[in-house]
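Residue numbers (full-length UniProt numbering): 1 to 564. Ideal Cβ placement from N, Cα and C applies to all residues, glycine included. Structure, as structure tokens:
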Amino acid sequence: MATSTIAGSLHSRHLHCLILLLLLPYLPIAFLLVDGGGIPTTLDGPFTPATRAFDRSLRRGSEDVPLSDPRLAPRARPPSPEQIALAASADPISLWVSWVTGRAQIGSHLTPLDPTAIRSEVWYGERPASADTVGHPHVARGSAEVYSQLYPYPGLLNYTSGVIHHVRLVGLRPSTRYYYRCGDSSLKGGLSDERSFRTLPAPAPDAYPRRVAVVGDLGLTGNSTSTVDHLARNDPSMILMVGDMTYANQYLTTGGRGVPCFSCSFPDAPIRESYQPRWDGWGRFMEPLTSKVPMMVTEGNHEIEPQGHGGAVTFASYLARFAVPSEESGSNTKFYYSFNAGGIHFIMLGAYVDYNRTGAQYSWLEKDLQKVDRRVTPWVVASWHSPWYNSCSSHYQEFECMRQEMEGLLYQHGVDIVFSGHVHAYERMNRVFNYTLDSCGPVYITIGDGGNIEKIDTDHADDPGSCPSPGDNQPEFGGVCHLNFTSGPAKGKFCWERQPEWSAFRESSFGHGILEVVNSTYALWTWHRNQDTYGEHSVGDEIYIVREPDKCLLQPRGVISQDS
Numbered sequence: 001m002a003t004s005t006i007a008g009s010l011h012s013r014h015l016h017c018l019i020l021l022l023l024l025p026y027l028p029i030a031f032l033l034v035d036g037g038g039i040p041t042t043l044d045g046p047f048t049p050a051t052r053a054f055d056r057s058l059r060r061g062s063e064d065v066p067l068s069d070p071r072l073a074p075r076a077r078p079p080s081p082e083q084i085a086l087a088a089s090a091d092p093i094s095l096w097v098s099w100v101t102g103r104a105q106i107g108s109h110l111t112p113l114d115p116t117a118i119r120s121e122v123w124y125g126e127r128p129a130s131a132d133t134v135g136h137p138h139v140a141r142g143s144a145e146v147y148s149q150l151y152p153y154p155g156l157l158n159y160t161s162g163v164i165h166h167v168r169l170v171g172l173r174p175s176t177r178y179y180y181r182c183g184d185s186s187l188k189g190g191l192s193d194e195r196s197f198r199t200l201p202a203p204a205p206d207a208y209p210r211r212v213a214v215v216g217d218l219g220l221t222g223n224s225t226s227t228v229d230h231l232a233r234n235d236p237s238m239i240l241m242v243g244d245m246t247y248a249n250q251y252l253t254t255g256g257r258g259v260p261c262f263s264c265s266f267p268d269a270p271i272r273e274s275y276q277p278r279w280d281g282w283g284r285f286m287e288p289l290t291s292k293v294p295m296m297v298t299e300g301n302h303e304i305e306p307q308g309h310g311g312a313v314t315f316a317s318y319l320a321r322f323a324v325p326s327e328e329s330g331s332n333t334k335f336y337y338s339f340n341a342g343g344i345h346f347i348m349l350g351a352y353v354d355y356n357r358t359g360a361q362y363s364w365l366e367k368d369l370q371k372v373d374r375r376v377t378p379w380v381v382a383s384w385h386s387p388w389y390n391s392c393s394s395h396y397q398e399f400e401c402m403r404q405e406m407e408g409l410l411y412q413h414g415v416d417i418v419f420s421g422h423v424h425a426y427e428r429m430n431r432v433f434n435y436t437l438d439s440c441g442p443v444y445i446t447i448g449d450g451g452n453i454e455k456i457d458t459d460h461a462d463d464p465g466s467c468p469s470p471g472d473n474q475p476e477f478g479g480v481c482h483l484n485f486t487s488g489p490a491k492g493k494f495c496w497e498r499q500p501e502w503s504a505f506r507e508s509s510f511g512h513g514i515l516e517v518v519n520s521t522y523a524l525w526t527w528h529r530n531q532d533t534y535g536e537h538s539v540g541d542e543i544y545i546v547r548e549p550d551k552c553l554l555q556p557r558g559v560i561s562q563d564s
């Protein structure tokens with residue numbers, strides 16, 4: 001069976017399985033699989049497609065949390081830092097620390113703060129320091145900036161941010177606990193309280209982050225807060241945020257209640273106004289988590305946030321607020337980058353910048369994949385916002401152009417797992433390449449069920465009457481490459497008439513995922529539904545993803561010329 005809802009003895013079974021996997025070099029594989037504790041592996045696949053129906057006792061959505069909520073309201077008074085967040089660098093001996101000082105402004109006539117008027121410092125060391133002194137032996141300094149969101153239309157509110165600081169710590173030791181304070185030590189109250197983080201393990205085939213949480217399309221609703229609370233209870237050592245973070249661009253116009261189709265509900269809006277104070281509220285809400293563990297982001301369509309005449313300026317908030325290892329990984333932009341965490345090489349791609357084979361992103365990706373040494377980082381995990389494989393009606397085949405351009409390159413280099421969001425539901429695929437079951441293809445997982453204001457997606461393209469027309473689902477960036485299938489049970493059709501064979505399991509529920517890599521060939525993936533938060537060791541989906549490096553050798557270059 002593709003999925004199982006496990007309760008009661010799940011924790012002991014997980015420990016049992018993990019011990020067995022650690023003993024993998026000494027145990028016959030047949031024994032391991034027979035005594036696997038009931039959790040399936042991808043070696044058991046491909047699985048018969050399964051759907052767990054939406055639980056009608058649950059709400060499809062919830063309203064946005066107001067900015068007056070104590071979790072979103074300012075807790076630090078200037079010049080003290082707030083919205084503190086960590087991000088991994090390209091390697092574990094360095095790490096980014098970001099924060100905000102000063103007050104953002106919203107209105108008509110605004111004077112931006114001066115980012116040069118306050119220092120960007122991080123004081124840190126391997127031991128706690130006294131709270132009334134700087135007290136740490138090391139200091140790193142960085143840069144600061146402000147950004148604005150400006151509208152030339154009557155009635156739309158302009159915004160200018162607080163001062164956003166980014167400092168990169170270098171010379172750290174892998175897998176080590178550090179204590180730090182950030183801010184400006186020359187000002188009274190200019191430093192934060194002491195926080196701590198643990199650096200990620202060094203690249204090696206036997207060292208991995210303890211738990212990697214994966215979440216997408218989060219927003220800031222009642223459901224979103226349940227997701228983050230549940231995620232925090234699972235105690236991750238790193239977070240992958242696969243786009244669509246705050247939904248600030250859908251707050252003011254919709255009165256904090258959201259709409260499933262903005263352009264349908266507001267056809268006369270000259271531009272989709274983005275209410276930037278939601279970003280500040282989101283940063284405060286996430287700070288208890290992001291100030292302790294690194295959060296790695298990629299942009300989604302709700303981060304586009306066009307401003308100015310005709311929306312000529314985009315992504316201002318995303319580009320200013322987040323530090324990512326773009327330069328360290330050879331990228332010249334925050335839209336795509338890579339980094340190592342133990343024996344995993346993570347690749348974060350951009351679905352809303354040029355992804356064509358003649359473009360800069362493709363060229364960078366090709367070089368990045370060529371540099372990966374699978375003897376050191378056996379696992380390669382890729383993430384971007386918009387899924388290529390998706391059986392929901394929402395966003396069906398929306399990014400088919402990107403798939404046709406890039407899928408062959410990922411397959412050629414043996415990418416193991418792909419995480420995406422965008423679709424507000426959970427779906428795990430069988431291993432697939434070019435819409436064909438392939439035991440060497442990646443495991444694609446859609447995890448866009450974080451809890452945002454647009455509600456859960458419940459309709460599937462194979463449901464009677466739910467197949468979108470080829471003119472639906474136009475991407476906000478890139479071309480339209482919708483196609484009819486050329487082989488298999490859906491040959492000649494735009495939609496399957498039953499759940500596609502490449503879709504292993506799907507369910508419409510809010511939640512998040514946890515990736516626990518055990519060794520160079522086994523990784524445990526679990527999906528945690530919000531309604532199971534207080535269940536005893538219960539999960540919505542679980543599977544061991546198994547690499548077969550001897551079977552799935554790097555493919556010849558010609559595979560990238562696939563014909564879809």
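Spatially closest choice to residue i from the options, by CA coordinates
i	options	result
P387	V376, P378 and F399	F399
V97	P267, A461 and Y178	Y178
A129	D449, Q149, D457 and R195	R195
L410	S363, I447, I456 and Y396	S363
I39	Y396, W525, G535 and D550	W525
S439	V546, V122, I164 and S80	V546
I93	P549, L483, F339 and E497	F339
S291	R198, T458 and K551	R198
S224	G478, W502, P464 and V65	V65
L113	R529, T160 and N301	T160
H395	A312, I456 and A490	I456
E327	T51, D368 and Q307	D368
P78	G162, V139 and E497	G162
P81	P70, A90 and W99	W99
D206	L157, I344, Y247 and C392	I344
I84	N434, E287 and L483	E287
A90	G330, P549 and A269	G330
Euclidean distance between Cα positions of residue i and residue j
i	j	result
L187	L172	27 Å
L554	G488	26 Å
I514	L231	9 Å
V324	E299	12 Å
D229	R75	19 Å
R233	V518	20 Å
Q499	T533	28 Å
I6	R56	Only weak support exists for where I6 lies, its pLDDT of 35 falling under 50; the coordinates are left without a value.
D462	K493	11 Å
Y522	A88	24 Å
L169	S120	12 Å
F419	T458	20 Å
A312	A50	44 Å
T333	H460	35 Å
H424	G216	9 Å
Q307	Y544	45 Å
R272	R127	48 Å
Coil, strand or helix - residue i by DSSP
i	result
V215	strand
Q105	strand
R56	coil
D280	helix
G478	coil
T486	coil
G444	Sequence inspection shows Tyr at residue 444; the Gly mentioned does not correspond to that position. Strand, per DSSP.
T253	coil
E145	strand
D368	helix
R233	helix
T436	strand
C401	helix
C264	helix
P28	Caution is warranted here: a pLDDT of 38 is assigned to P28, below 50, making its placement in the model unreliable, and the coordinate value is therefore given only provisionally. Looking at P28 - three-state DSSP - the assignment turns out to be coil, as it is neither helix nor strand.
T290	helix
Assumed close pair residue i, residue j - CB separation to whole angstroms, cut-off 8 Å
i	j	result
H511	Y444	What sits at residue 511 in the sequence shown is Gly, not His. With 8 Å as the limit, G511 and Y444 do not qualify as a contact, their Cβ atoms being about 17 Å apart.
S317	Q149	7 Å
G540	S508	That belief does not hold up - the Cβ atoms of G540 and S508 are roughly 11 Å apart, past 8 Å.
M295	A351	So it is not a contact: roughly 19 Å between Cβ atoms.
M429	W379	The pair is not a contact, with the Cβ atoms about 18 Å apart (cut-off 8 Å).
P174	V376	With a Cβ gap of about 13 Å, P174 and V376 do not count as contacting.
L437	P70	Actually they are not in contact, since the Cβ atoms of L437 and P70 sit about 50 Å apart, beyond 8 Å.
Bridge partner(s) assigned by DSSP for residue i
i	result
T111	In DSSP, T111 forms no bridge with anything.
Q307	V313
R506	T51 and E427
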